[in-house]
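Chains as they are written, first to last, in our numbering: chain A, 1 to 286; chain B, 1 to 797; chain C, 1 to 159. Working notes, beginning with the structure itself.
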Amino acid sequence: MKKFAYYQPKSLKEAYGLMEKQGGNAKYIAGGTDIIWRVKQGMTEAGALISLRGIEELAYIRLNGDLALGSMVPFRTIERDSSLAKAYPSLSEAVSLLANPQVRNVATVGGNLCNAAPSADCAPPLIVLDAILTLEGPGGKREVPIGDFFKGPGKMCMENTEVLTQIRLPKMAGNSGTSFLKKGRVSQDIAIVNAAAFLVMEGNLCRKCRLAVGAVAPVPLRLRDVEGMLENQEISTELLDRVAEKVEQAVSPITDVRSTAEYRRVLSGVLVKKAIREAHQRAGQQ
Amino acid sequence: MTDYTFVGSEIPRPDAPDKAAGKALFISDLVKPGMLYGRIKYSEYAHARIKHIDTSKAERLPGVRAVITGYNTPEIRIGFMKDNFALKKDKVRQFRDEVAAVAATDPEIAKEAVDLIRVEYEELSGVFTPEDALKEGAPLIHEVDPRGKPRKDNVIQLPWNWSEGDVEKAKDASAFIVEDNYETQLIQQTCMGTAGCIAEFDLQSNLIIHSKTQIPYLAQNDFNQALVAMGLKGKSTRVIVPYLGGSFGTGLDTHGYEYITILLAYRTGRPVKILLNRVEEFSYLSPRQPSKTHIIQGCDKEGKLTFREVNMLLDNGAYVSWGATTPTVMLMPISTLYQVPNFKYHAKIVYTNNTYCQAMRGYGNPQATWAIENNMDQLAEKAGIDPLDFRIINRNEANTESFGFKITSCGLEECIRSVGDRLEWKKKRGKQKAKARGVGMASLFHTGGGCRIYRSDGTGIIMKLDDFGNVSVSTGGIEMGQGFNSALSIATAEALGVTPDKVSVVFGDTATCPWDVGTHASRGAYTSCNAAILAADKARKKIFDLAATHFMPRVKSILKERQKKDPNFEMPDFDFESPRDPSEFDLKGNSVFLREEPENPFLRISLGELLRAVHFRNQGTMIVTEAFYDPNNTMLDPKTGKGNLSATYTWGAQGAEVEVDLETGELKILNFVSANDVGRPINKQTIMGQFYGASVIGFGYALSEEIKLDKGRNMNPNFLDYKIFSARDLNFPLNIELIETNDPEGPFGAKGVGEPGLVPTAPAIGNAIYDAIGVRIKSLPITPEKILAALKEKDKK
Amino acid sequence: MKRVIKFILNGNTVSAEVESHKMLLEVLRDTFELTGTKEGCGQGECGACTVLIDGVSINSCLYPVFEVEGKSVTTIEGLVGEGGKLHPIQEAFVARGGIQCGFCSPGMILSAKALLDENRAPSDEDIKRGISGNLCRCTGYVQIMDSIRDAASRLSGQD
């Protein structure tokens with residue numbers, strides 16, 4: 001395996017300093033479950049890894065109506081947090097369906113997002129829940145809505161020295177519901193397609209709708225045009241069929257070892273439909 | 001039926017504690033003093049001429065002790081047609097081709113050195129389907145045959161043509177005929193313990209190799225031939241086999257990496273280890289043979305089969321190995337699964353630039369059964385007969401013969417009925433389409449009493465008793481996780497009259513263990529246990545002969561000792577003086593006793609005591625017995641193609657209830673049942689383990705596994721991209737029943753059962769899907785993509 | 001870069017000089033010669049390399065060794081008690097056929113331990129989830145499930 005140095009800063013400032021000193025040759029590492037493999041295989045070049053594990057200020061869950069989630073909280077903690085599951089079920093479900101227990105014990109939301117895979121399971125729920133990401137670097141702090149974060153497969157909008165420190169979710173409105181669905185070839189797989197929905201209902205009418213789908217475009221995709229179809233409408237079977245058709249047109253899936261473009265296209269529509277139905281049901285239960 | 005003390009019980013396997021404790025040693029755990037680490041450089045093209053190999057930078061890297069290529073080592077030809085080479089010269093024919101190798105002081109240096117080797121290629125156009133390989137003007141994968149004669153095409157000359165009766169006449173006499181095409185994919189054995197070996201030479205240039213093999217003796221033979229090629233004629237090979245970490249057929253042949261390790265060890269004069277990592281295991285070992293099958297079957301008005309005609313086109317890949325011989329096993333279900341009065345089977349095998357294939361559990365039977373059992377359902381439908389009834393009408397029966405296969409015991413009917421009952425066939429078949437649910441089944445026929453594909457199907461056992469009544473059984477067979485050691489220790493205990501905890505199995509060393517052709521074809525327990533029974537009988541004979549002289553005097557001594565200690569003890573009035581006959585004695589539960597008085601506590605001594613008495617005396621003796629068991633089977637006759645390959649056969653049936661999600665094409669298995677004619681279980685726990693494990697591999701074959709090749713390159717060589725079942729995928733009941741037909745030839749009536757559990761799994765599921773939604777998926781794996789596409793096609797019509 | 005790290009290994013404080021690019025798996029196997037932990041894939045997919053760190057199951061093939069400083073690591077060898085007495089979970093696997101070739105067993109047993117330490121009465125779904133990161137090619141998981149159920153009752157019996 002390629003040799004790399006390994007640093008364990010205790011603060012963000014120390015981390016920036018190490019990153020700057022390494023030039024372009026270093027990468028931040030969170031849980032490591034993606035990046036170690038890529039470095040081993042030579043897919044990612046890194047002369048040094050700068051670990052974020054020792055930076056205590058990055059691991060916290062502050063649930064107070066809204067959610068402030070430190071980027072280094074391991075999935076293990078999130079999936080066991082019943083208050084978080086109740087407040088933001090789609091995020092909790094996505095985390096619990098990701099990889100396997102050993103990976104979830106060290107992997108983090110921050111790492112999952114910064115890996116920027118189009119199939120990232122955390123992305124669709126965070127998109128539909130209007131997540132705001134805090135990026136911090138030697139130059140200061142900035143907030144980026146998640147819709148602006150992903151730039152392409154494996155690419156996101158961060159500078160080399162920046163660290164994703166926090167994910168913030170606004171409080172979910174009353175009469176709202178959110179859901180997450182994922183399909184793989186077997187129970188444990190990278191998503192062939194994943195999808196999330198968020199609905200705010202007023203009686204029978206949908207007042208606000210957010211939809212996102214993953215693994216079917218260069219980035220996790222927010223389906224803005226489709227959302228419009230549902231706003232101020234009753235959620236009928238006929239509407240959902242039209243929604244599915246529109247989703248099929250909105251996505252640009254590829255064929256790879258996991259699935260075909262044709263199948264992913266159809267499955268996107270079906271999963272979004274199912275996600276809407278489930279979110280609708282949950283909204284009704286509030 | 002006989003009651004046995006140990007056979008049929010659920011004794012924990014003897015190798016389990018060490019494995020639970022992490023103490024069992026696998027090839028990856030072995031190190032030798034001074035050992036170097038080898039690594040192989042593989043081809044960068046599917047088909048290319050090698051123009052030049054520059055190893056200079058690699059040689060100069062500190063820590064590198066040898067760099068070898070096909071140009072600086074003696075040519076070693078491998079494979080049964082000798083068309084393959086340990087290291088490739090002149091040409092590469094697949095991405096797997098080994099072009100160079102290094103040995104270095106640590107694995108990281110070895111990897112760096114491999115990266116420093118520069119190979120210049122001239123790319124050639126490649127062929128990646130057998131159809132393309134057959135086209136006029138297709139590039140030749142091998143320009144010459146192994147004897148140097150120019151080849152004219154890519155067809156491999158193997159005599160895979162068999163027939164019985166008159167198929168054409170039978171077609172005319174048939175009331176119903178169905179014809180269709182079926183395909184199966186490449187899948188990998190995915191042993192959890194990856195492949196590897198350690199080779200070293202002693203001071204006399206004899207080879208010692210630790211290897212992950214199922215065939216220590218055939219491997220020894222192969223390696224001896226390699227030694228001849230290396231100028232070491234007359235030198236010998238010792239093969240030592242650690243715990244395997246699974247094998248599933250990967251260890252059924254010798255591999256390029258083994259010969260390369262041997263060459264590196266000889267070049268460096270030090271032990272060299274090559275261990276494949278997971279990506280290398282996927283990319284550079286040989287998978288299960290894929291298949292393309294055209295099948296035609298017919299039956300009369302009453303549903304009795306009239307003929308079966310099968311034509312196969314097999315993608316051989318770049319070199320000939322066991323994949324090319326799978327038709328000899330495919331012959332079995334084709335000629336004999338159900339009563340088939342007329343059949344014709346032709347398999348054409350073609351070189352391509354894809355990976356070549358070797359053995360995988362089932363060895364061709366799953367591929368053939370996929371086509372046969374789907375097509376049986378198609379024929380039943382055309383004839384208007386329920387598929388279960390159709391199978392019963394055509395079932396095989398005991399004491400019959402089919403194309404040379406002598407069927408002794410046969411529990412097929414019972415298996416089919418059991419599956420039907422447990423699936424609630426009558427209630428459900430054809431009746432749940434509104435819910436997109438269905439039931440389906442398929443049967444199997446496989447070797448269960450050895451398999452004579454080589455000049456010998458034999459196995460030897462050496463049975464050694466020590467002074468404490470412990471029994472050490474040396475076997476040429478291999479424990480690869482299937483429970484071989486357990487079966488052998490139970491059979492020994494039962495046959496000899498000791499308890500299993502007194503028996504230890506010694507395996508895996510050609511220097512000390514007797515010859516065995518290989519642990520394959522489900523033959524391990526069957527042949528070794530039969531050999532053990534013979535050796536145990538010999539041991540019993542010796543024990544009783546010795547008892548005739550020594551038993552009573554020993555009893556007398558013991559009683560006299562007791563009298564000395566306890567003056568009140570009254571000496572029983574036995575006849576200590578008259579000579580005894582061996583037939584008066586028995587051995588059970590580690591004690592030798594007089595048959596006539598089994599309850600008398602004075603007329604019984606421990607086996608250990610007797611053995612010490614006969615050993616520690618003037619002109620003493622110890623007991624070691626041996627037996628070589630070669631089953632009563634025959635090879636396929638080269639002229640007629642017929643032969644009774646196995647001394648007995650296993651039968652079984654599997655059935656599934658499934659539900660299809662019509663929106664996503666996703667398949668849900670609701671229930672899975674199987675019934676298997678096993679003769680008799682030797683260890684109830686390990687035999688169930690074999691069937692559970694095989695079934696789950698069957699599910700993977702049916703639903704999720706596929707090696708994806710893109711112009712010969714393996715695109716998914718890791719567990720993220722190639723999916724086998726995890727525990728969560730087993731989200732339905734899996735119910736396995738054992739049917740005991742008590743085979744006359746089998747050890748205690750047992751048949752060999754390592755493989756059958758995965759043979760009919762795919763068609764059972766495929767047939768259930770057809771019942772559910774009226775579409776038949778004809779290529780494996782059955783994926784939601786294919787189901788959805790088939791539903792769309794159906795809706796169009 | 002090299003560093004001397006100090007941590008607790010199977011209950012004993014140990015230290016070793018290790019290189020920065022090494023994963024815990026290699027260090028356990030090569031430096032400490034504890035070969036019970038296996039490399040099955042190196043990718044975090046098969047679980048053969050599972051060890052417990054502060055009681056939590058992780059894939060040691062992807063765990064940078066520097067991170068183990070000050071932590072408590074349990075390998076399969078650490079479950080074996082005085083005089084070679086097997087842990088109740090190991091005994092259950094032996095008794096119920098949960099082991100065939102044995103390669104996945106150390107990782108499987110440690111995942112079972114992590115599960116049972118957190119949930120002493122797991123449902124079948126809980127068990128499947130708990131071992132979902134441990135691939136086995138031999139057993140088909142059925143007798144592994146039997147073994148873990150048996151282990152749960154052995155451990156409850158002990159409480």
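Cβ coordinates follow ideal geometry from the N, Cα and C atoms, glycine included. Predicted model, so just to flag it, every value in this text is computed and none were measured.
Problem - Nearest neighbour of GLY655/B, chosen from ALA764/B, HIS294/B, ARG270/B [CA to CA] - result: Numbered from 1 along the second sequence, position 655 holds the residue referred to as residue 655/B. The residue with the shortest Cα to Cα distance from GLY655/B is ALA764/B.
Problem - Beta carbon proximity, TYR28/A to chain B, threshold 8 Å - result: One-based indexing of the first sequence puts residue 28/A at position 28. No, TYR28/A does not count as interfacial toward chain B.
Practice task
Could you check which residue in LEU115/C, ILE109/C, ILE99/C has the C-alpha nearest to that of ASN105/A?
Solution key: In the first sequence, counting from the first residue as 1, residue 105/A sits at position 105. Ranking LEU115/C, ILE109/C, ILE99/C by Cα distance to ASN105/A puts LEU115/C first.
Problem - LYS642/B: CB within 7 Å of a non-hydrogen atom of the ligand PLP - result: Annotation note on the ligand PLP: not contained in the displayed structure, which lists no ligands.
Practice task
Taking C-beta pairs closer than 9 Å, name the residues in chain A that HIS21/C reaches, listed in chain order.
Solution key: To locate residue 21/C, count along the third sequence from 1; it is residue 21. Correct list: MET1, LYS2, LYS3, PHE4, ALA5, TYR6, VAL39, LEU49.
Practice task
Name, please, each residue of chain C whose Cβ falls closer than 9 Å to the Cβ of GLN188/A.
Solution key: In the first sequence, residue 188/A corresponds to position 188, counting from 1. Near GLN188/A (Cβ distances below 9 Å), the residues of chain C are GLU45, SER132, GLY133.
Handout entry: For LEU211/A: DSSP bridge partner residues
Key = Walking along the first sequence from the start, residue 211/A turns up at place 211. Answer by DSSP bridge pairing, in chain order: ALA197/A.
Problem - Cα-Cα separation, THR510/B to PRO124/A - result: Taking the second sequence and counting its residues from 1, one reaches residue 510/B at position 510. Taking the first sequence and counting its residues from 1, one reaches residue 124/A at position 124. Whole-angstrom Cα-Cα distance: 59 Å.
Handout entry: Contact under 8 Å by Cβ, ARG258/A with ILE146/A
Key = In the first sequence, residue 258/A corresponds to position 258, counting from 1. In the first sequence, residue 146/A corresponds to position 146, counting from 1. Cβ distance not < 8 Å, so ARG258/A and ILE146/A don't count as in contact.
Exercise for the section: Using a threshold of 8 Å, state whether the C-beta atoms of GLY608/B and GLY469/B are closer than that. Expected result: Residue mapping note: residue 608/B aligns to position 608 of the second sequence, counting from 1. Residue mapping note: residue 469/B aligns to position 469 of the second sequence, counting from 1. Yes. Within cutoff.
Exercise for the section: Excluding the 5 residues preceding and the 5 following GLY34/B in the sequence, name in chain order all residues of the same chain whose CB lies nearer than 7 Å to its CB. Expected result: Residue 34/B sits at position 34 when you count from the first residue of the second sequence. ARG270, PRO271.
Handout entry: Inter-residue Cα distance where the pair is VAL67/B and ARG267/B
Key = One-based indexing of the second sequence puts residue 67/B at position 67. One-based indexing of the second sequence puts residue 267/B at position 267. The alpha-carbon atoms of VAL67/B and ARG267/B are separated by roughly 9 Å.
Exercise for the section: Report buried or exposed for HIS52/B, applying the criterion of at least 16 other Cβ atoms within 10 angstroms of its Cβ. Expected result: Taking the second sequence and counting its residues from 1, the one referred to as residue 52/B is at position 52. By the neighbour-count rule (16 or more Cβ atoms within 10 Å), HIS52/B is not buried but exposed.
Handout entry: Helix, strand or coil at SER522/B [DSSP, three-state]
Key = Translated into the one-based positions of the second sequence, residue 522/B becomes position 522. In this structure, SER522/B counts as coil in the three-state DSSP scheme.
Problem - chain B contact for ILE76/C (CB, 8 Å cutoff) - result: Position 76 of the third sequence, counting from 1, holds the residue named residue 76/C. Output row for ILE76/C: interface = yes.
Handout entry: Bounding residues of the alpha helix (DSSP H) (the contiguous stretch that carries ALA727/B)
Key = The count along the second sequence starts at 1 and reaches residue 727/B at position 727. Unbroken run through ALA727/B: none, as it is neither H nor E.
Problem - Inter-residue spacing [alpha-carbon to alpha-carbon] between ASP225/A and ASP54/C - result: Translated into the one-based positions of the first sequence, residue 225/A becomes position 225. Translated into the one-based positions of the third sequence, residue 54/C becomes position 54. Roughly 48 Å between the two C-alpha positions.
Practice task
Verify the CB distance criterion: does PHE725/B have a CB-CB separation below 8 Å to chain A?
Solution key: As a first step, residue 725/B is located in the second sequence; it is residue number 725 there, counting from the start. By this cut-off, PHE725/B is an interface position.
Exercise for the section: Give me the Cβ distance between ILE148/C and ALA112/C, rounded to the nearest whole Å; I'm assuming they're in contact under 8 Å. Expected result: The residue you call residue 148/C lines up with position 148 of the third sequence. The residue you call residue 112/C lines up with position 112 of the third sequence. Confirmed, Cβ separation roughly 5 Å.
Practice task
Have a look at LEU534/B and GLY746/B and give me their C-alpha separation to the nearest angstrom.
Solution key: What you label residue 534/B is simply residue 534 of the second sequence in a count that begins at 1. What you label residue 746/B is simply residue 746 of the second sequence in a count that begins at 1. Each residue's alpha carbon lies about 12 Å from the other.
Exercise for the section: Could you round the C-beta distance between ALA212/A and ILE127/A to whole angstroms and report it? I think they count as a contact, below 8 Å. Expected result: Counting from 1 along the first sequence, the entry for residue 212/A is found at position 212. Counting from 1 along the first sequence, the entry for residue 127/A is found at position 127. Contact holds; Cβ gap of about 4 Å.
Exercise for the section: Specify whether the region 318-330 of chain B and the region 147-160 of chain B touch according to this definition: at least 3 beta carbon pairs, one from each stretch, less than 8 Å apart. Expected result: yes
Practice task
Name the residue from GLY214/A, CYS122/A, ASP148/A, GLY284/A whose alpha carbon lies nearest to the alpha carbon of ILE235/A.
Solution key: Taking the first sequence and counting its residues from 1, the one referred to as residue 235/A is at position 235. Nearest C-alpha to ILE235/A: GLY284/A.
Handout entry: Straight-line Cα distance separating GLN214/B from ALA247/B
Key = Residue mapping note: residue 247/B aligns to position 247 of the second sequence, counting from 1. Residue mapping note: residue 214/B aligns to position 214 of the second sequence, counting from 1. Residue 247/B is actually Ser in this sequence, not Ala. C-alpha separation (whole angstroms): 7 Å.
Practice task
Below 8 Å CB to CB, which residues in the same chain sit around LYS151/A once its five sequence neighbours on both sides are set aside?
Solution key: Working through the first sequence from its first residue, we reach residue 151/A at position 151. Excluding positions up to five away in sequence, the list reads ALA116, CYS157, VAL219.
Practice task
Evaluate the contact criterion for the region 77-85 of chain C versus the region 18-26 of chain B: three or more CB pairs, one atom per stretch, below 8 Å.
Solution key: yes
Practice task
Would you check if the region 453-473 of chain B and the region 175-193 of chain B touch, i.e. whether three or more CB-CB distances between them fall below 8 Å?
Solution key: no
Exercise for the section: Please say whether THR33/A and MET72/A have beta carbons closer to each other than 8 Å? Expected result: Counting from one through the first sequence, the residue named residue 72/A turns up at place 72. Counting from one through the first sequence, the residue named residue 33/A turns up at place 33. Result no, Cβ atoms of MET72/A and THR33/A do not sit closer than 8 Å.
Practice task
Within the same chain, show all residues whose beta-carbon is closer than 7 Å to that of TYR692/B, passing over the 5 residues directly before and after it, in chain order.
Solution key: The sequence position of residue 692/B within the second sequence is 692, counting from 1. LEU734, ILE736.
Exercise for the section: Within the region 94-169 of chain B, note down every full beta strand (DSSP E) run reaching 3 residues or more, in order along the chain. Expected result: 98-104, 118-123, 161-164
Exercise for the section: Closer than 7 Å by C-beta to PRO150/B: which residues in its own chain qualify, once you throw out the five before and the five after it? Chain order, please. Expected result: Residue numbering aside, residue 150/B sits at position 150 when the second sequence is read from its first letter. So the list reads GLU143, VAL144, once near-sequence residues are dropped.
Problem - Interface partners of SER259/A on chain B, CB under 7 Å - result: Counting from 1 along the first sequence, the entry for residue 259/A is found at position 259. Result: GLU785.
Handout entry: For HIS255/B, the first and last residue of its enclosing beta strand (DSSP E)
Key = Looking up residue 255/B in the second sequence gives position 255. Here HIS255/B belongs to no beta strand (DSSP E), and DSSP marks it neither H nor E.
Problem - Residue of ARG277/A, LEU135/A, ALA131/A minimising C-alpha distance to SER179/A - result: For the purposes of this step, residue 179/A is taken as the residue at position 179 of the first sequence. Out of ARG277/A, LEU135/A, ALA131/A, ARG277/A has the C-alpha closest to the C-alpha of SER179/A.
Practice task
Check the Cβ-Cβ distances between PHE26/B and every residue of chain C, and say whether any is below 8 Å.
Solution key: Here the question's residue 26/B lines up with position 26 in the second sequence. By this cut-off, PHE26/B is an interface position.
Practice task
For the region 61-76 of chain C, enumerate the residues whose C-beta is nearer than 9 Å to any C-beta of chain A, in chain order.
Solution key: CYS61, LEU62, TYR63, PRO64, VAL65, PHE66, GLU67, GLU69
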